[in-house]
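Top to bottom, those sequences are chains A and B.
Position in the first sequence (first residue = 1) + 2 = this note's numbering.
Position in the second sequence (first residue = 1) + 2 = this note's numbering.
Glycine included, C-beta positions come from ideal geometry on N, C-alpha and C.
Number of protein chains: 2
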Amino acid sequence: MYQQVERVGHDGAMNKQPKYRQVADALRREIDNGAYPPGSRLPSESELSTRFEASRNTVRSGLNALVSEGLISSSQGLGYEVRKHEVFELNASRFENLTFPQNGDAYSTDVTNAGRRPSQTFRVEMTPATAYVADRLKVALGSTTVLRFCHRFVDDVPWSTQATYYPDWLAKQAPRLAEPGDIAEGTTRYLAAAGIEQAGYFDEIATRMPTPDESRLLDVGAGVPVLLWTRTGYADDRVIRCTITTFRGDLNRMNYEIGTLPDRNGDERP
Amino acid sequence: MYQQVERVGHDGAMNKQPKYRQVADALRREIDNGAYPPGSRLPSESELSTRFEASRNTVRSGLNALVSEGLISSSQGLGYEVRKHEVFELNASRFENLTFPQNGDAYSTDVTNAGRRPSQTFRVEMTPATAYVADRLKVALGSTTVLRFCHRFVDDVPWSTQATYYPDWLAKQAPRLAEPGDIAEGTTRYLAAAGIEQAGYFDEIATRMPTPDESRLLDVGAGVPVLLWTRTGYADDRVIRCTITTFRGDLNRMNYEIGTLPDRNGDERP
DNA sequence: TTGCTCAACTTGTTGGTACAAGCTGATGCA
DNA sequence: TGCATCAGCTTGTACCAACAAGTTGAGCAA
Numbered sequence: 003m004y005q006q007v008e009r010v011g012h013d014g015a016m017n018k019q020p021k022y023r024q025v026a027d028a029l030r031r032e033i034d035n036g037a038y039p040p041g042s043r044l045p046s047e048s049e050l051s052t053r054f055e056a057s058r059n060t061v062r063s064g065l066n067a068l069v070s071e072g073l074i075s076s077s078q079g080l081g082y083e084v085r086k087h088e089v090f091e092l093n094a095s096r097f098e099n100l101t102f103p104q105n106g107d108a109y110s111t112d113v114t115n116a117g118r119r120p121s122q123t124f125r126v127e128m129t130p131a132t133a134y135v136a137d138r139l140k141v142a143l144g145s146t147t148v149l150r151f152c153h154r155f156v157d158d159v160p161w162s163t164q165a166t167y168y169p170d171w172l173a174k175q176a177p178r179l180a181e182p183g184d185i186a187e188g189t190t191r192y193l194a195a196a197g198i199e200q201a202g203y204f205d206e207i208a209t210r211m212p213t214p215d216e217s218r219l220l221d222v223g224a225g226v227p228v229l230l231w232t233r234t235g236y237a238d239d240r241v242i243r244c245t246i247t248t249f250r251g252d253l254n255r256m257n258y259e260i261g262t263l264p265d266r267n268g269d270e271r272p
Numbered sequence: 003m004y005q006q007v008e009r010v011g012h013d014g015a016m017n018k019q020p021k022y023r024q025v026a027d028a029l030r031r032e033i034d035n036g037a038y039p040p041g042s043r044l045p046s047e048s049e050l051s052t053r054f055e056a057s058r059n060t061v062r063s064g065l066n067a068l069v070s071e072g073l074i075s076s077s078q079g080l081g082y083e084v085r086k087h088e089v090f091e092l093n094a095s096r097f098e099n100l101t102f103p104q105n106g107d108a109y110s111t112d113v114t115n116a117g118r119r120p121s122q123t124f125r126v127e128m129t130p131a132t133a134y135v136a137d138r139l140k141v142a143l144g145s146t147t148v149l150r151f152c153h154r155f156v157d158d159v160p161w162s163t164q165a166t167y168y169p170d171w172l173a174k175q176a177p178r179l180a181e182p183g184d185i186a187e188g189t190t191r192y193l194a195a196a197g198i199e200q201a202g203y204f205d206e207i208a209t210r211m212p213t214p215d216e217s218r219l220l221d222v223g224a225g226v227p228v229l230l231w232t233r234t235g236y237a238d239d240r241v242i243r244c245t246i247t248t249f250r251g252d253l254n255r256m257n258y259e260i261g262t263l264p265d266r267n268g269d270e271r272p
């Protein structure tokens with residue numbers, strides 16, 4: 003039942019692409035052209051099967067490729083939808099200082115300023131340092147750290163997770179870090195009051211596909227990478243914290259302003 | 003021929019996961035445990051088919067999920083291999099100045115310092131500004147820009163593409179920008195000699211799955227996102243360039259040092 | 001009108017088969 | 001010995017069939 007689709011006379015150029023890829027390429031082209039705008043639904047598998055003279059499985063392979071590219075998503079019973087991308091800008095270089103109302107970064111402020119509604123769940127726990135965290139905090143692997151963990155939402159859509167690790171010595175010096183509740187005035191301000199002023203930080207940005215855990219927390223399907231942001235904060239020569247933030251890659255972009263640059267106004271798309 | 007694998011007595015907990023997902027989860031666990039270390043080969047589809055008492059198609063679905071996660075890769079005739087991740091660090095905040103030997107960023111220097119061999123192909127062309135570039139360069143959509151394009155390799159492995167766009171007015175002021183050859187002393191130094199000194203820049207970092215073009219240029223298969231780095235350079239109030247760099251997300255990590263921080267030495271893993 | 005059921009759509013899962021095509025090592029010929 | 005060939009492994013592509021399960025709207029019942 004195998005049939006190689008050679009269509010030489012039909013296509014002009016020698017066409018050695020497998021059928022499922024032809025399907026994917028054709029649909030991708032139509033999506034790019036705007037024939038299927040963001041948010042619209044694609045024809046059903048059986049319709050595409052008829053159109054491309056291919057079996058349902060072959061069409062599914064093609065669609066699956068587009069899902070992996072992050073171009074479309076599917077839901078059982080509903081069909082395939084062209085994905086929308088509304089990117090949220092994160093200004094990471096704005097130096098953290100005491101004027102920020104809460105928790106070290108400008109999440110709530112930025113989201114509210116964008117006219118969206120922020121919400122989050124929060125927990126505190128003591129946890130042994132993983133290799134990654136131990137390296138950055140300059141503590142022994144497995145030694146105790148205080149973890150303050152946020153799961154953040156924008157308009158009730160899962161947006162990011164943020165895990166901040168503090169070394170044990172700092173938690174002794176600033177005991178409220180290890181207490182379960184929120185720190186009303188913000189951790190940065192609280193630490194400053196305790197004599198710990200963050201003087202600089204080191205940011206690392208990486209990307210990869212989400213682990214199953216991350217897929218669950220951020221509610222991302224196949225084809226959406228995560229953006230990993232690790233910020234290690236220093237006061238003098240001491241590491242005072244390590245913050246690992248996981249973003250949905252399709253909804254976020256990080257910005258850094260360095261040196262002298264004019265006032266920015268207009269917004270732009272990816 | 004459909005059979006739901008309910009295995010209640012066997013598994014204890016109610017097991018409602020589809021079979022292909024059970025396969026993926028089991029293999030992921032074994033890879034994480036080190037049973038299949040990076041670079042090693044997985045059992046063949048038919049062996050897995052026997053082990054999991056599933057059809058080859060079902061096993062392929064499970065393996066496909068792991069490929070999409072970026073955990074393994076497959077090659078026809080060879081089998082499935084657990085992916086290795088050697089991450090290359092890119093220090094993006096080191097302020098660009100005249101001491102850099104070439105082309106605006108520290109690519110060759112960094113790669114050579116890491117004991118790897120850099121190589122690149124290069125081309126120059128005049129091209130109309132896309133919406134993305136026009137926005138950043140503050141020029142009209144479709145107006146002429148000079149594009150200087152690099153395709154970069156590390157030890158002959160495709161690593162990144164870098165497209166730098168210069169506005170037309172700048173190319174008139176610094177005509178060698180539009181000439182096809184390399185600028186020996188580096189574009190930054192050349193522009194400084196022409197009276198254009200970059201005073202600051204604005205960086206944007208995003209991630210997504212590669213387009214087919216990017217997959218080809220960077221030689222990435224399914225499951226590897228790209229890291230997009232856009233740097234817009236300013237001199238006084240004028241935008242002098244916009245550089246869009248595309249990295250393989252599995253091989254690169256970007257770093258920013260901001261504020262005062264101690265000397266860093268030890269290296270670390272993701 | 002309101003609310004429920006159900007048919008008819010959608011995609012998801014699992015099985016089967018067949019052949020194409022890439023890789024490797026054994027075999028055999030020169 | 002050296003080289004070409006080929007058998008036997010691997011994954012890749014393509015088809016078929018059947019049933020599970022989520023969604024929606026039509027239509028009937030209260």
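Query raised in the report: Is Thr209 (chain B) close to chain A, meaning its C-beta is less than 8 Å from at least one C-beta of that chain?
Result: Output row for Thr209 (chain B): interface = yes.
Query raised in the report: Can you list the residues of chain B that Tyr236 (chain A) reaches, using a CB-CB cut of under 7 Å?
Result: For a Cβ distance threshold of 7 Å, residue set Leu263, Pro264 of chain B lies close to Tyr236 (chain A), ordered along the chain.
Query raised in the report: In chain A, what lies closer than 8 Å to Asp252 (chain B) by C-beta?
Result: Within chain A, the residues near Asp252 (chain B) are Arg210.
Query raised in the report: Within the 8 Å Cβ cut-off, does Gly72 (chain B) reach chain A?
Result: So, interface residue.
Requested in this report: Closer than 7 Å by beta-carbon distance: list the chain A residues that pair up with Asp158 (chain B), in chain order.
Outcome: None at all; the shortest Cβ gap to chain A is about 23 Å.
Query raised in the report: How would you write the range of the alpha helix (DSSP H) that Arg210 (chain A) sits in, first residue to last?
Result: Not the alpha helix (DSSP H): Arg210 (chain A) falls in the beta strand (DSSP E), residues 202-210.
**Report entry** Cα-Cα separation, Gln78 (chain B) to Thr166 (chain B)
**Finding:** Rounded to the nearest angstrom, the gap between the Cα atoms of Gln78 (chain B) and Thr166 (chain B) is 37 Å.
Query raised in the report: Which residues, in order along the stretch 121-152 of chain B, keep a beta-carbon less than 8 Å from a beta-carbon of chain A?
Result: Listed by position, the residues of the stretch 121-152 of chain B near chain A (Cβ gap below 8 Å) are Ala133, Tyr134, Asp137, Arg138.
Query raised in the report: Can you name the residues that DSSP bridges to Ile242 (chain B)?
Result: Looking at the DSSP assignment, Ile242 (chain B) forms no beta bridge with any residue, so it has no partner.
Query raised in the report: Rounded to a whole number of angstroms, what is the C-alpha to C-alpha distance between Asp137 (chain B) and Val222 (chain B)?
Result: Each residue's alpha carbon lies about 29 Å from the other.
Query raised in the report: Which residue spans inside the stretch 113-141 of chain A form an unbroken beta strand (DSSP E) run of at least 3?
Result: Those beta strand (DSSP E) runs which fall completely within the stretch 113-141 of chain A and span 3+ residues are 120-130.
Requested in this report: Indicate the three-state DSSP secondary structure (helix, strand or coil) for Val89 (chain B) in the structure shown.
Outcome: DSSP places Val89 (chain B) in coil when its eight states are reduced to three.
Query raised in the report: Do the stretch 171-180 of chain B and the stretch 203-219 of chain B make contact, defined as three or more Cβ pairs closer than 8 Å?
Result: By the Cβ rule, the stretch 171-180 of chain B does not count as touching the stretch 203-219 of chain B, because fewer than three pairs are nearer than 8 Å.
Query raised in the report: Can you name, in chain order, every residue of its own chain whose Cβ lies under 8 Å from the Cβ of Glu83 (chain A), other than the five neighbours on each side?
Result: If the five residues before and after Glu83 (chain A) are omitted, its C-beta is found closer than 8 Å to the C-beta atoms of Gly41, Ser42, Arg43, Leu44, Ile74, Ser75, Ser76, Ser77, all from its own chain and listed in chain order.
Query - Residues sharing a beta bridge with Gly81 (chain B), DSSP - result: Gly81 (chain B) pairs with B:Ser77.
Report task. Please check if any C-beta of chain A sits within less than 8 Å of the C-beta of Tyr192 (chain B). Result -> So no, Tyr192 (chain B) is outside the interface.
Query raised in the report: Would you say Glu206 (chain A) faces chain B, with C-beta separation under 8 Å as the test?
Result: Judged by the 8 Å Cβ criterion, Glu206 (chain A) is in contact with chain B.
Query - is_contact[Arg243 (chain B), chain A] using C-beta, thresh 8 Å - result: Arg243 (chain B) does not count as touching chain A.
Query raised in the report: Counting Cβ pairs closer than 8 Å, one from the stretch 141-151 of chain B and one from the stretch 190-198 of chain B, do we hit at least three?
Result: No, the stretch 141-151 of chain B is not in contact with the stretch 190-198 of chain B.
Query raised in the report: On the three-state DSSP scale, how would you describe Val222 (chain A)?
Result: In the structure shown, Val222 (chain A) sits in coil (DSSP, three-state: anything other than H, G, I, E or B).
Query raised in the report: Thr190 (chain B): which of B:Ala208, B:Tyr168, B:Pro182 sits nearest, CA to CA?
Result: Of the candidates B:Ala208, B:Tyr168, B:Pro182, the residue whose Cα lies closest to the Cα of Thr190 (chain B) is B:Tyr168.
**Report entry** Near the ligand HEM: Tyr258 (chain B) beta-carbon under 7 Å from a heavy atom
**Finding:** The ligand HEM is not part of the structure shown, which contains no ligands of any sort.
**Report entry** Distance, Tyr258 (chain A) Cα to Ser95 (chain B) Cα
**Finding:** Each residue's alpha carbon lies about 9 Å from the other.
Query raised in the report: Thinking C-alpha only, which one of A:Thr146, A:Asp158, A:Val89, A:Met128 is nearest Ser121 (chain A)?
Result: Closest option to Ser121 (chain A), Cα to Cα, is A:Asp158.
**Report entry** Short-range partners of chain B found in the stretch 213-233 of chain A, where Cβ spacing is below 7 Å
**Finding:** Close to chain B, meaning a Cβ-Cβ distance shorter than 7 Å, are the following residues of the stretch 213-233 of chain A: Ala224, Gly225, Pro227, Leu229.
**Report entry** Nearest to Val89 (chain A) (by Cα), restricted to the options A:Arg250, A:Gly183, A:Tyr203
**Finding:** Cα-wise, what sits closest to Val89 (chain A) is A:Arg250.
Query raised in the report: What does a CB cutoff of less than 8 Å around Arg30 (chain B) pick up in its chain, not counting 5 residues either side in sequence?
Result: Leu68, Glu71, Leu73, listed in sequence order.
Query - Gln24 (chain A) to Ala56 (chain B) span [Cα, whole Å] - result: Each residue's Cα considered, the two are about 30 Å apart.
Query raised in the report: Taking the alpha-carbon positions, what's the Ser244 (chain A) to Tyr203 (chain A) distance?
Result: For the sequence presented, residue 244 (chain A) should be read as Cys rather than Ser. In a straight line, the C-alpha of Cys244 (chain A) is about 9 Å away from that of Tyr203 (chain A).
Requested in this report: Please state whether DSSP places Ala237 (chain B) in a helix, a strand or coil.
Outcome: In this structure, Ala237 (chain B) counts as strand in the three-state DSSP scheme.
Query raised in the report: Of the residues B:Lys21, B:Arg85, B:Thr232, which one's Cα is nearest the Cα of Asp34 (chain B)?
Result: The option with the nearest alpha carbon to Asp34 (chain B) is B:Arg85.
Query raised in the report: Checking contacts by CB at 8 Å: is Ala201 (chain A) closer than that to chain B?
Result: By the rule that beta-carbons nearer than 8 Å mark a contact, Ala201 (chain A) touches chain B.
Query raised in the report: Among all the DSSP beta bridges, which residues are the ones paired with Gly2 (chain B)?
Result: This structure does not reach residue 2 (chain B), given that chain B is present from 3 up to 272, and the question cannot be answered.
Requested in this report: Please state whether DSSP places Glu270 (chain A) in a helix, a strand or coil.
Outcome: Confidence at Glu270 (chain A) is low in this model, with a pLDDT of 40, below 50, so its placement is unreliable and the value that follows should be read with caution. The answer is coil: DSSP assigns Glu270 (chain A) none of H, G, I, E or B.
Report task. Could you tell me if Met128 (chain B) is buried or exposed, where buried requires 16 or more neighbouring beta carbons within 10 angstroms of its beta carbon? Result -> Counting C-beta atoms within 10 angstroms of its own C-beta, Met128 (chain B) has fewer than 16 neighbours from the protein chains shown and is therefore classed as exposed.
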